[in-house]
Amino acid sequence: MKHKIVIVGAGPAGLRCAKILAENYEDFLVLEKSEEIGRKICTGIWVLNERTKSMNIPEEVFEKKFRKVIFTTPYKKVEVELEEPFVASINRKKLSEWMYREIKKYKAEVLFGYNVSKVGSDYVIANNKKIYFDYLVGADGSNSVVRKSLGLSTEFGIGIQYWLEEKFEDIEIHYDAEAFGAWYSWVVPHKQVTSIGAGCDPKVIPIKKLKENLDKWCEEKGIKIKDTTFESALISYKYYGYGFDDKFLIGDAAGLASSLNGEGIYFAMASGEDVGRIIVEKNYKPKLIEEVLNLKKKHDLIANFLKSSKTLEKISYNLLLHFLKSKFFVRKALNFV
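Residue 0 is where the sequence shown starts when you use numbering that gives the first Met the number 0, and the numbers rise one by one after that.
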């Protein structure tokens, strides 16, 4: 079996790339190791700014939109409220299902339950089948087999969360340098459930300690987590590049998650779109990837600065809450996340 392009992974990155290829009637195949679309651990925070609006996500994907977000530290609390919604929670499964429907309009081929076990120079092996390609796109997440085949190391953040069958009104972001390092804990309401979670660099705070700290925070807030669903996921943020001759990496497989906040859905979709266009259009300039990399570099600089000292983290987050009292600052900051 041979296809001009093989995409490994049917998440937001792989499906966005597939959409560009489908619209240009390219010969491609998508291989997805899961048995169904959209199975991914994800909090679902989506900032509403001009950049993310360009993805044209339909309203059905959004769970809730928020005009207010609560930011806290152990010492301060600020309620940020704007006239219009500026952040949303999205249903990760509905997002992938919508993207899947978009490519199926072109009768695109997606094989589910196909786990790529080996990557050769011009072929992959999935479920004991050898599939040849001219171009290979690795969209297979933080533990990418395509990335490993290129000999690239990675660095991981870790995200953990509980799903509560309880409705909360507001998103809350809590910064605590002692408990979560340079990252944060969160409350993210969806329509019928709420994500309560936290993230960190496991080199700074081991996952066992992270869970203990999250549980303690929940207890202090009176949030009951007993008998709830617990999830954890790796977040790949070490970036080396996206193009390696006839092989490409996009999304988390490329390390295109933020080292500052762990978010990566938009980065994944943007990189998928640009790599699709690079394959289709000769001399295409990847402006979305360039924009993502520019933003990611800024995130990396700030994250490394914060990690250098717990004292700096504490001072910085309390200063941040001070500036968040300004609506002008908030509107400017929306383009930075």
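No residue lacks a Cβ here, since even glycine has one placed at the ideal position from N, Cα and C.
- Nearest in C-alpha terms to Gly158, of all of Asp26, Glu164, Ser315 and Asn212, is Asn212.
- Phe132: member of the beta strand (DSSP E) spanning Lys128 to Gly137, first to last residue.
- In this structure, DSSP gives Phe266 a helical state, which the three-state scheme calls helix.
- When Val115, Gly119 and Ser120 are compared, the shortest CA-CA separation from Asn127 is found for Val115.
- For the 8 angstroms CB-CB criterion, Val7 and Val186 do not form a contact.
- When the five nearest sequence neighbours on each side are left out, the beta carbons in the same chain lying within less than 7 angstroms of the beta carbon of Glu83 are those of Arg66, in order along the chain.
- Comparing C-alpha distances from Ile224 to each of Tyr161, Gly37 and Leu333 shows the shortest one belongs to Tyr161.
- Here Gly10 is not near Gly198, since their CB atoms are 8 angstroms or more apart.
- Bridge pairing for Leu163: Thr193 [DSSP].
- Shown here, Trp185 sits in a strand according to DSSP, grouped into three states.
- By DSSP's assignment, Ala252 forms no beta bridge with any residue.
- Residue environment: His173 is assigned as buried (16 or more neighbouring CB atoms within 10 Å of its CB, all protein chains considered).
- Taking the CA atoms as reference points, Ala17 sits about 42 angstroms from Glu177.
- Rounded to whole angstroms, the Cβ separation of Asp299 and Ser258 is 5 angstroms, and the two are in contact under 8 angstroms.
- A straight line joining the alpha-carbon of Ala125 with that of Val109 spans about 13 angstroms.
- The C-beta of Asn260 has 16 or more other C-beta atoms within 10 Å across all chains shown, which makes the residue buried.
- In the assembly as shown, Met0 is an exposed residue. Its beta-carbon has fewer than 16 other beta-carbons within 10 Å.
- Close CB contacts of Val79 within its chain, under the 7 angstroms cut and outside five residues either way in sequence, are with Lys67, Val68, Phe70, Leu323 and Val329 (chain order).
- With a 10 Å radius around the Cβ and a threshold of 16 neighbouring Cβ atoms, Thr310 comes out exposed.
- Using a C-beta cut-off of 8 angstroms, the region 12–27 makes contact with the region 135–150, since at least three inter-stretch Cβ pairs fall below that distance.
- In this structure, DSSP gives Cys199 an extended state, which the three-state scheme calls strand.
- Contiguous alpha helix (DSSP H) elements confined to the region 31–64 occur at 49–52, taking only those with 4 or more residues.
- For Leu287, the enclosing alpha helix (DSSP H) has its first and last residue at Lys286 to Lys306.
- Minimum Cα-Cα distance from Ile234 among the listed residues Lys220, Phe247 and Gly254 corresponds to Gly254.
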